[in-house]
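Take the sequence shown: its position 41, counted from the start at 1, is 897 in my numbering, and no numbers get skipped. We put the CB at the ideal spot given by N, CA and C, even for glycine. Values in this document were obtained by computation on a predicted structure and should not be read as measured data.
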Amino acid sequence: MVFELSKLPYEEKALAPYISEETIQFHYKKHHAGYINTLNELIKGTNLETHSLEEIIKVTEKYPSQKSIYNNASQAWNHTFYWHSLSPVGGGEIPPGDFKDAVIRDFGSVDNLKIELKKAALSQFGSGWTWLIVEKGRLKVISTSNAQSPLGKERILLTIDVWEHAYYLDYQNKRADYIQTILDHLINWNFAIENFSRS
Ligand code: MN3
857 MVFELSKLPY EEKALAPYIS EETIQFHYKK HHAGYINTLN ELIKGTNLET HSLEEIIKVT
917 EKYPSQKSIY NNASQAWNHT FYWHSLSPVG GGEIPPGDFK DAVIRDFGSV DNLKIELKKA
977 ALSQFGSGWT WLIVEKGRLK VISTSNAQSP LGKERILLTI DVWEHAYYLD YQNKRADYIQ
1037 TILDHLINWN FAIENFSRS
């Protein structure tokens, strides 16, 4: 299988002014595309060619000798999930329903969930990802380092890319401003709701 760069769910300029067209161009067409191209090179002629992206991530995770394949496959997956975790009409209130009820049950309030996401994203040392997941039936915020995958968790609802390449052109070293802007204006609660209610 030759993997292809997944389509962005909006135009490259759609997240501006919060995330600029320039950031998306580098992030999507250089970083994300780069992971896909490298992955395709690395699996060429191997038995992994017949696997899905998720299978490759799961199969290579345990083997240090396959670390490069794992890193590129996982980054390919994580970025597609990230693009969908953002929306030009994101931020704002969580629509009423089962997901919002679960947020209030497990965090006390929507504001507390945002505080937890921000705290996790800021305390991630170096590159990585912050995730909203379901574990043992409860919503939970976690972070993963570098390319590390959340696959295998009960359910994955949202992610924020906290690699510097995600924000440096727009926010320089101010990761907190990038995170706050996502939470205020871009976070795609409807994507979380879809993932939460998927059976
Ligand atoms: Mn990235």
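A contact between stretches requires three or more CB pairs, one per stretch, nearer than 8 Å, and the stretch 940-955 meets this requirement with the stretch 1038-1053.
Distance from the C-beta of Ala1022 to the nearest heavy atom of the ligand MN3 is below 7 Å. Remark: the shortest separation between the CB of Asp1017 and any heavy atom of the ligand MN3 falls under 7 Å. Pairing Thr1015 with Trp985 gives a Cβ-Cβ distance under 8 Å.
Of the other Cβ atoms in all chains shown, fewer than 16 fall within 10 Å of the Cβ of Ser979; this residue is therefore exposed.
Within the chosen limit of 7 Å, the ligand MN3 reaches the beta carbon of His883 through at least one heavy atom. Gly890: member of the alpha helix (DSSP H) spanning 889-899, first to last residue. Contact annotation: Ile913 and Ser1005 have beta-carbon atoms nearer than 8 Å.
When C-beta atoms of the stretch 994-1014 are compared with those of the stretch 924-933, three or more pairs fall below 8 Å, so the two segments count as touching.
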